[in-house]
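Student:
Set out below in structure tokens:
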């Protein structure tokens, strides 16, 4: 059957008897925990959406040292959040299999950077496996859990967006029984990492590295295909591009491919024997020249002088993702094969096309909050923002996103902005992101007497990644009974004195609260609370849409509605603004904004 | 079989991800190796949604510029935007119903005239099958069935080795009962339209 790469990982985990799974969702990893969430409601699998990736890894570590097979999933930048426990968990190790999924995102389809997390294997000393298609994603997951158990060490599986989000044919195996309870054997002089213990553990980590190296040498995941004199080393999704290119160019008997699936530690002896068999080597790997540099170092140690290249051949670069044509061209160029790519169409004379960026949905409460804040603060306030749907407030006409580096940076960077400048600062963060990493910044702001306004956009879900719950959510409609934490209590508990809770669809009242916050001499928090309409619909709490229309007898074409809100339900017909009744959900914000009261609910 | 590389483009909400997934499943059911790639995340927010289906002796999940054998486009301007995926032999199957982006409404761009779009595409590309998929979907009483119309047109175009029967079997097992009849009607109309084209 066709499985999404992420579904294949979840399936592999269950075929290996996974007992414990944690995550913080993030594209392109999110469909893995979505599967676990469903499976956990029908089996002994324990699963939780943890507050953030650091917490997820620590929760998982506790389970794994109790002897439960564990998986922790996150996107590549999530590993940065989890890096602190990661580095020392590598020393301590585990008792049962523990797999960490790092889902990298070359080309930044939905991320703030495209860092190459193969470096994390090197930094932490943990083994890393890299599949090349959905079938391997399933199989490698089983293998990784077993390997981890043998080494008593967490093991990384690294994927990229193209693997997470492809569907391929997968042969299923049998589901394994779940061992749902373990027990912890105390051993403080192993598990409590005071310096004296840590010194011993570092030695142990290096021993495990040697063991892992031996396994990598023998692993079927590292495979030489073909016996030709032209060597190509490749990994991950690029392996497919290389295979197809070799077929397309008819080079099957001229080329040997070294496919690296057990990518850390690298199989040094295998690589050296490969280097001795071939005349020159091309390394095809997306992002950083990680294998390329290691292989060059191995060649130098062994006095091998054959040419080894990767980055800089043809269009192979450190930027973005590769594609089949690019790899075909690089192989042809490097090995001197005649190749003429397919000519594209003549694209001259095509007019400038209107952009189609993603946009806040019709009736999105964020749009209403942005409007109210801008009406009060004007266009000059600084708006540090954060990671979620509301980052789309970057686009005109809202244009209310000025600085963003990572989850939680809205709050802490506001401390810097407000101290370093005399400009007004109003920052935005979502509810899930606030729980993930906004709270420490808020405590910092209170303690150090910073003066700005933080708007928490509370839409009752983690919307951007597909409506996962978070600590502030009522999880009843999702079929689980978890404790709900009040955002307002947390904010007050952090010591914030000026707290406002508003409903953004009540425009006038929201503006009054924003005004009060602006006039307050200190730190203010505005919690803007309205459920994400897509989520409400998904859980059967959506209200019946009562769409609005523009009464052309009253409309004087100020166009405040379309110019200031730019709701996707609005469009121009000739000179007049109209509302698409199928898209409008009846939030009524435009009706409140219209100076002529010309926007009215449709009757019937 | 000869490798077939298909690119689907559309706008969030038009259902092109479902179309490409169903095609992949139909191929597999017919014993044709297939891989489908999708980019998630922006589909519900009105952005461009692109997917690809590759069939035959091929393992790469994506299609490079100029290498599409078939472009199935759900929106006229998106067809123009995706011409970089095409070469002179590419078969283009396109919906002619425009869906102007909100940038046009706020004056950050103009939506070209539909006739201009069509003549540009016909002038530059090889075979073009253009049909008003939204009108057909309305006609069968299921405005959401645009993706079924487009799948029908794809199979009707005869460019890939998947039969109408096999495609309809997959559609039948994967769609809600309430929409099945209209989905199949939409498929048939798209199929006939492409045959006649």
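Chains as they are written, first to last, in our numbering: chain P, 569 to 1172; chain R, 4 to 200. Backbone N, C-alpha and C define an ideal beta-carbon position, used for all residues, glycine too.
#1: Beta-carbon separation of residue 585 of chain P and residue 707 of chain P under 8 angstroms?
#2: Taking the CB atoms as reference points, tell me whether residue 980 of chain P and residue 1020 of chain P lie closer together than 8 angstroms.
#3: Anything in chain P within Cβ reach of residue 105 of chain R, meaning under 7 angstroms, just list it in chain order.
#4: Kindly indicate the opening and closing residues of the beta strand (DSSP E) around residue 1060 of chain P.
#5: Bridge partners for residue 1169 of chain P per DSSP, in chain order?
#6: According to DSSP, residue 1036 of chain P sits in a beta bridge with which residue or residues?
#7: Indicate the three-state DSSP secondary structure (helix, strand or coil) for residue 1141 of chain P in the structure shown.
#8: Is the beta carbon of residue 573 of chain P closer than 8 angstroms to that of residue 711 of chain P?
#9: Please state whether DSSP places residue 738 of chain P in a helix, a strand or coil.
#10: Going by other Cβ atoms of all chains shown within 10 Å of its Cβ, with 16 needed for buried, is residue 88 of chain R buried or exposed?
#11: Could you give the first and the last residue of the continuous beta strand (DSSP E) run that contains residue 546 of chain P?
#12: Any beta carbon from chain P within less than 8 angstroms of residue 24 of chain R's own beta carbon?
#13: Under 8 angstroms, CB to CB, which of the residues in the segment 898 to 932 of chain P have a partner in chain R?
#14: Within 8 angstroms of any Cβ in chain R, is that where the Cβ of residue 733 of chain P sits?
#15: Is there a Cβ from chain R that is less than 8 angstroms from the Cβ of residue 939 of chain P?
#16: Tell me where the alpha helix (DSSP H) around residue 1126 of chain P begins and ends.
#17: Pull up the distance between the alpha-carbon of residue 849 of chain P and that of residue 680 of chain P, whole angstroms please.
#18: Looking at the C-beta of residue 1147 of chain P, does it have a partner C-beta in chain R at a distance below 8 angstroms?
#19: Could you work out which residue in R:102, R:154, R:141 is closest to residue 924 of chain P when comparing CA atoms only?
#20: Quick check on residue 1109 of chain P: buried or exposed, where buried means 16 or more other Cβ atoms within 10 Å of its Cβ?
#21: Suppose you measure from the CA of residue 215 of chain R to the CA of residue 169 of chain R; what does that come to, to the nearest Å?
#22: Give a yes or no on whether 8 angstroms exceeds the smallest Cβ distance from residue 642 of chain P to chain R.
#23: Between the alpha carbons of residue 633 of chain P and residue 664 of chain P, how many angstroms are there, rounded?
#24: Where does residue 60 of chain R land, buried or exposed, given buried means 16+ other C-beta within 10 angstroms?
#25: Would a C-beta distance cut-off of 8 angstroms place residue 67 of chain R and residue 736 of chain P closer than the cut-off?
#26: Please classify residue 888 of chain P as buried or exposed, where buried requires at least 16 other C-beta atoms within 10 Å of its C-beta.
#27: How is residue 998 of chain P classed by DSSP in three states: helix, strand or coil?
#28: Kindly list the residues whose CB is nearer than 6 angstroms to the CB of residue 954 of chain P, restricted to its own chain and excluding five residues on each side of it in sequence; keep chain order.
#29: Output the distance between the C-alpha atoms of residue 1166 of chain P and residue 963 of chain P, rounded to the nearest integer angstrom.
#30: Got a sec: is the Cβ-Cβ distance from residue 98 of chain R to anything in chain P below 8 angstroms?
#31: Report, in whole angstroms, the separation of the C-beta atoms of residue 1024 of chain P and residue 1055 of chain P, which I expect to be a contact under 8 angstroms.
#32: Of all the CB atoms in chain R, is at least one closer than 8 angstroms to the CB of residue 1128 of chain P?
#33: Could you tell me how far apart the beta carbons of residue 640 of chain P and residue 668 of chain P are, in whole angstroms, since I believe they sit closer than 8 angstroms?
#34: Who pairs with residue 55 of chain R in a beta bridge, going by DSSP?
#35: I'd like the span of the alpha helix (DSSP H) that includes residue 808 of chain P, first residue to last.
#36: Mind checking whether residue 831 of chain P and residue 803 of chain P have CB atoms under 8 angstroms apart?
Tutor: So, from the listed chains and residues:
#1: no
#2: no
#3: 927, 1134, 1136
#4: Unbroken run through residue 1060 of chain P is the alpha helix (DSSP H), 1055 to 1061; no beta strand (DSSP E).
#5: P:1116
#6: P:1030
#7: strand
#8: no
#9: coil
#10: buried
#11: A query on residue 546 of chain P cannot be resolved here, the shown segment of chain P reaching from 569 to 1172 and no further.
#12: yes
#13: 909, 910, 911, 912, 913, 914, 915, 917, 918, 919, 920, 921, 922, 923, 924, 925, 926, 927, 928, 929
#14: yes
#15: no
#16: Run containing residue 1126 of chain P: none; DSSP gives neither H nor E here.
#17: 33 angstroms
#18: no
#19: R:102
#20: exposed
#21: Outside the shown range of chain R (4 to 200) lies residue 215 of chain R, about which nothing can therefore be said.
#22: no
#23: 7 angstroms
#24: exposed
#25: no
#26: exposed
#27: strand
#28: 978, 997, 1001
#29: 26 angstroms
#30: no
#31: 6 angstroms
#32: no
#33: 5 angstroms
#34: R:10, R:40
#35: 806 to 816
#36: yes
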